[in-house]
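Take numbering that gives the first Met the number 0: the last position of the sequence shown gets the number 602, and nothing is skipped along the way.
For glycine and all other residues, C-beta sits at the position ideal for the given N, C-alpha and C.
Since this is a predicted model, take the numbers as computed values, not measurements.
This report refers to the structure that appears directly beneath it.
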Amino acid sequence: MKSPVSDLAPSDGEEGSDRTPLLQRAPRAETAPVCCSARYNLAFLSFFGFFVLYSLRVNLSVALVDMVDSNTTAKDNRTSYECAEHSAPIKVLRNQTGKKYQWDAETQGWILGSFFYGYIITQIPGGYVASRSGGKLLLGFGILGTAVFTLFTPLAADFGFGALVALRALEGLGEGVTFPAMHAMWSSWAPPLERSKLLSISYAGAQLGTVVSLPLSGVICYYMNWTYVFYFFGLVGIIWFILWICLVSDTPETHKTITPYEKEYILSSLKNQLSSQKSVPWIPMLKSLPLWAIVVAHFSYNWTFYTLLTLLPTYMKEVLRFNIQENGFLSAVPYLGCWLCMILSGQAADNLRARWNFSTLWVRRVFSLIGMIGPAIFLVAAGFIGCDYSLAVAFLTISTTLGGFCSSGFSINHLDIAPSYAGILLGITNTFATIPGMIGPIIARSLTPENTIGEWQTVFCIAAAINVFGAIFFTLFAKASQPIFAFEWEDQVGGTKQQLIWTPPQGFKNSPAIFGEALASDLNSFHPEEYGCWLLQYVDDLLLAAETKEKCWKGTKALLQLLMEAGSRVSKKAQICKEEGKHLPLPPTKLKVIDTNDFDHNS
């Protein structure tokens, strides 16, 4: 007889339905130590890699303020400002010899957006190559190429507007492969219950790079000239590349210094999530609503993010009237908050899942809501606060800080729904999410020809509205388990392979038998006779029977407690689904069958 208990299944995340799996995965090795571990060494090296990456990306935002002749545009020739200047004029130092260019507001918008015209091209190819060949070299050479091109920025500016736009587009080509490559590497390195921590550490480097690059660029412009901004950060990128190539490996199997214990821990935690597929199921991917939920959320979040990333120094100078040195420091403050939030939210997300048994889907949705609705509210508030410098900076800081929650929300949902294709999925979503970087600065600058408070209110309100839409869409359609296109079936006799068109009940790639063996191993230490019960296992199904409801209740609680202590995820609901059973050697009126999918083990 087959029990109605049909979903005792391992899953890293839940669908958010009433059929919540009880077991997360096959028995896994104990967590390997964090200190001096290869996976955390990778996290910190990638942290500094993204630190360099964003330093190379955002330094132009500050340098451009110093590169442009202040008497060029009509807005700079106006005789009055809405906000009073609150600092003494800067005394021009003798060694400020950087050349000035006559670029109007629209031209500046094109320069700031040109990076993303290259960036969008290499997203999907980068994810595809990384999924097949590994991400180490791809990420390393992507940052190296950007660093080398950055060294030639002053020369390109001298050649003219077109040359600078072309150079920035080439830098974008290099950076476009980096995030998909990193996602592909983490699909082989990050144990499921450490994903939020490891990825938040890695990508937090981007925020810290912004925090350091903006004020440091302002200091360099103030005491030297803007050309040294590009020379300095270009050299830092080359130094990082050397360390990356020497110390990092694509997978735990190829790492030279990883301990056998840590290698076993990582591989055992991922063995049922990754497949060896080479073909990519493009059509099922494009039909996947959960994937489009990530696309919409990523696009919406990046509209606000790139608007502030590229234009915040301009807003600080033209509206709030900060000088170049103050501008760099104050523009960096919001990203310091975002960096801290990314680190802390990653820890919180994994703790909620591992210790408090919150579903992966719940964590991804709630963190995305906080990281998108919160910034929208404070961004609008910053626009309507007027010339109150303190509150304006405070609201912009809070807005950007709260965005850090998204690093444990939609940003890593790719690894939840299809870890084998994580790099490709990020390439797809980041392709769409790059569009705001291409058109956002141009639209924003076209809406702010006079840099009035009212014009910037419009810019901030548009960004906030897009953020809110993305948050709602993701909440409605996001998923946290592997969809059908994440699996592959191989005929062991004929050697043929094909994509599955359904998801195995347990979320495993190969066979329910894998789960059955793992479950049987866990059940060896359970003795139902101690509770006056009988226990029958058929692969992934369990039937718990007893002569009385009280005995069955007691046995069920003991069984679920054992499974939970073994590292399984236990549902919070249960109910008696049948009062009577047949074809068993028990009195029909005495048999009680419990659906453990709905058992509240805390009650």
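Self-check item: Under 9 Å between C-beta atoms of L169 and G117
Solution: yes
Practice problem: May I have the straight-line CA-CA distance separating D349 from D540, to the nearest angstrom? | Solution: 29 Å
Quiz item: Who are the Cβ neighbours of D553 in its own chain at under 6 Å, not counting the five residues just before and after it?
Solution: Looking at the sequence provided, one finds Lys at residue 553 rather than Asp. Y530, listed in sequence order.
Exercise. Using only alpha-carbon positions, find the residue among T313, M371, S195 that is nearest to R352.
Key: S195
Quiz item: How would you write the range of the beta strand (DSSP E) that L541 sits in, first residue to last?
Solution: 540–545
Self-check item: Start and end residues, alpha helix (DSSP H) containing P289
Solution: 288–317
Quiz item: Is W455 helix, strand or coil when you go by DSSP?
Solution: helix
Quiz item: Which runs of the alpha helix (DSSP H), 4 residues or longer, sit entirely within the region 376–420?
Solution: 388–401, 412–416
Practice problem: Classify W533 as helix, strand or coil using the three-state DSSP reduction. | Solution: strand
Quiz prompt | the region 396–412 touching the region 333–349, judged by at least three CB pairs closer than 8 Å | solution = yes
Quiz item: Any chance the region 391–401 sits against the region 421–438, with 3 or more Cβ pairs inside 8 Å?
Solution: no
Quiz item: Under 9 Å, do T177 and G141 count as touching if we go by C-beta distance?
Solution: yes
Exercise. Starting from the C-beta of S201, find all residues in its chain whose C-beta is less than 7 Å away, skip the five residues before and the five after it, and write them out in chain order.
Key: A42, S45, F46, F49, M181
Quiz item: For S36, which option in L246, V295, W239 has the closest C-alpha, if you only look at C-alpha atoms?
Solution: L246
Quiz item: How many whole angstroms separate the CB atoms of G126 and L425, which I take to be in contact at a CB cut-off of 8 Å?
Solution: 6 Å
Practice problem: Please classify Y202: does DSSP put it in a helix, a strand, or coil? | Solution: helix
Quiz item: Near K99, what residues of its chain come up, given a Cβ to Cβ distance below 6 Å and the 5 sequence neighbours on each side ignored?
Solution: D68
Exercise. Out of E549, P280, G233, A443, point me to the one whose CA is closest to E105's CA.
Key: A443
Quiz prompt | Per-residue burial, W355 [other beta carbons within 10 Å of its own, 16 or more giving buried] | solution = exposed
Quiz item: Which one of L213, N466, I244, G469 has the shortest CA to CA distance from K135?
Solution: I244
Quiz item: By how many angstroms is the C-alpha of S199 removed from the C-alpha of V235?
Solution: 22 Å
Exercise. Decide if E564 is buried, meaning its Cβ has at least 16 other Cβ atoms within 10 Å, or exposed.
Key: exposed
Quiz item: Can you list, in chain order, the residues of its chain whose CB lies under 7 Å from that of E81, leaving out five sequence neighbours each side?
Solution: C386, T451, I452
Self-check item: 7 Å Cβ shell around V295 - same chain, five flanking residues per side excluded
Solution: G469, F472, F473
Quiz item: Taking G422 as the reference, which of L55, A62, L137 has the closest Cα?
Solution: L137
Self-check item: Test item: CB-CB of Q206 and G403 under 9 Å
Solution: yes
Quiz prompt | Supposed close pair L166, A183 - CB separation, criterion 8 Å | solution = Not confirmed; about 28 Å, so no contact.
Quiz prompt | Nearest residue (CA-CA) to A375, options Y420, N301, L446 | solution = N301
Quiz item: By DSSP, does M371 sit in helix, in strand, or in coil?
Solution: helix
Quiz item: Taking just the CA atoms, how far does R38 sit from I416?
Solution: 22 Å
Quiz item: Roughly how many angstroms separate the alpha carbons of E263 and S187, rounded to a whole number?
Solution: 12 Å
Quiz item: Run through DSSP, which three-state label would V67 get?
Solution: strand
Self-check item: Pairwise C-alpha distance: S212 and T359
Solution: 34 Å
Practice problem: Keeping to the same chain, check which residues put their C-beta closer than 7 Å to that of K316; ignore five residues upstream and five downstream. | Solution: V64, N326
Exercise. Sort out for me which residues DSSP pairs Y260 with in a bridge.
Key: For Y260, which the question treats as bridged, DSSP gives no partner whatsoever.
Self-check item: Own chain residues within Cβ distance below 7 Å of T72, not counting five before or after
Solution: For T72, the predicted model reports a pLDDT of 48, less than 50, meaning its position is unreliable and no value from the coordinates is stated.
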